[in-house]
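Colleague:
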Amino acid sequence: MQLYFKGFIIKVFNYILLFTFFLSLNLFAGSQRLQKEMNYEVSYEKALEKALKQNKPIMMMIGQTECPYCNKFEVKTLIRKKINEKVQKDFIPLSVLRDKDKFPKQFEAKGVPTVIFIDPKEQKAFYKSFGYKSKSDYKVELKKALEIYNKEYRN
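Counting in my numbering, the sequence shown runs from 27 upward without gaps.
1) So what does DSSP say about ASP116, is it helix, strand or coil?
2) Looking at MET64: is its Cβ nearer than 8 Å to the Cβ of PRO139?
3) Just how far apart, CA to CA, sit SER121 and VAL68?
4) Whole angstroms are fine: how far does the CA of ASN97 sit from the CA of TYR158?
5) For PHE152, which residues in the same chain have their Cβ closer than 8 Å to its Cβ, ignoring the five residues on either side in sequence?
6) Going by other Cβ atoms of all chains shown within 10 Å of its Cβ, with 16 needed for buried, is PRO94 buried or exposed?
7) Could you give the first and the last residue of the continuous alpha helix (DSSP H) run that contains ASP145?
8) Cα-Cα, which of LYS169, LYS37 and SER162 is closest to ARG106?
9) I need the DSSP call for SER155, collapsed to helix, strand or coil.
10) I need the straight-line Cα distance from LYS165 to ILE109, nearest angstrom please.
11) Taking its Cβ as the centre, do 16 or more other Cβ atoms sit within 10 Å of LEU78, making it buried, or is it exposed?
12) Assign GLU100 to one of two classes, buried (16 or more other C-beta atoms within 10 Å of its C-beta) or exposed (fewer than that).
13) Here's a check: name, in chain order, each residue in its chain whose Cβ is nearer than 7 Å to the Cβ of LYS76, leaving out the five neighbours to either side.
14) At what residues does the beta strand (DSSP E) containing ILE84 begin and finish?
15) Comparing alpha-carbon positions, which option in MET85, GLY89, VAL141 and ASN81 lies nearest LYS183?
16) Check the C-beta distance from LEU123 over to THR91 and give it rounded, since I have them as a contact under 8 Å.
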């Protein structure tokens, strides 16, 4: 009986280890997916340059390595075709990891995920969205941000 119990414990431990390993791979893959497959910029300077040329605001998604809500937001919302089309059409998307990437201190986020909409001319945040958002909720956020930008910043 005791030998069976030890074998069971070892199996459970191995499953937990494998699960943790694959979960960490999936969480890291989320931010890379935005950067590589969804055409998000990875450098604030490059996003700023592009935004100034195209006269569009920057949409800066701030995440963190191993953040389950960041991954959920990316997978369930940001990579969806209609959301990504809207983002690409109206904004210059930028994805940064709070714990790894460099970006201006004025845009530091206390919690993640945070999306900051930035006027490129003044380099000033004009709208912020905090936490995980569903597709329908995020469409509303995008609309609000664009309305503010068009009303107050676009020339």
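Cβ atoms here follow ideal geometry from the backbone N, Cα and C, with glycine treated the same way.
Modeller: On the basis of the coordinates in this document:
1) In this structure, ASP116 counts as helix in the three-state DSSP scheme.
2) In this structure, PRO139 does not lie closer than 8 Å to MET64 by Cβ.
3) Approximately 6 Å between the Cα atoms of the pair.
4) Just so you know, the alpha carbons of TYR158 and ASN97 end up roughly 9 Å apart.
5) These residues qualify, in order along the chain: PRO83, PHE143, ILE144, ASP145, ALA171, ILE174, TYR175, GLU178 and TYR179.
6) It counts as exposed.
7) Secondary structure note for ASP145: it is in no alpha helix (DSSP H), and the uninterrupted beta strand (DSSP E) holding it is 140-145.
8) The residue from LYS169, LYS37 and SER162 with its alpha-carbon nearest to that of ARG106 is SER162.
9) If DSSP states are grouped into helix, strand and coil, SER155 belongs with the strands.
10) The straight-line gap from Cα to Cα measures roughly 7 Å.
11) With fewer than 16 other Cβ atoms within 10 Å, it is exposed.
12) So GLU100 ends up on the buried side.
13) Contacts found: GLU67 and ILE118.
14) For ILE84, the enclosing beta strand (DSSP E) has its first and last residue at 84-89.
15) Any question about residue 183 goes unanswered here, given that the chain covers just 27 to 181.
16) The Cβ separation is near 6 Å, so the contact holds.
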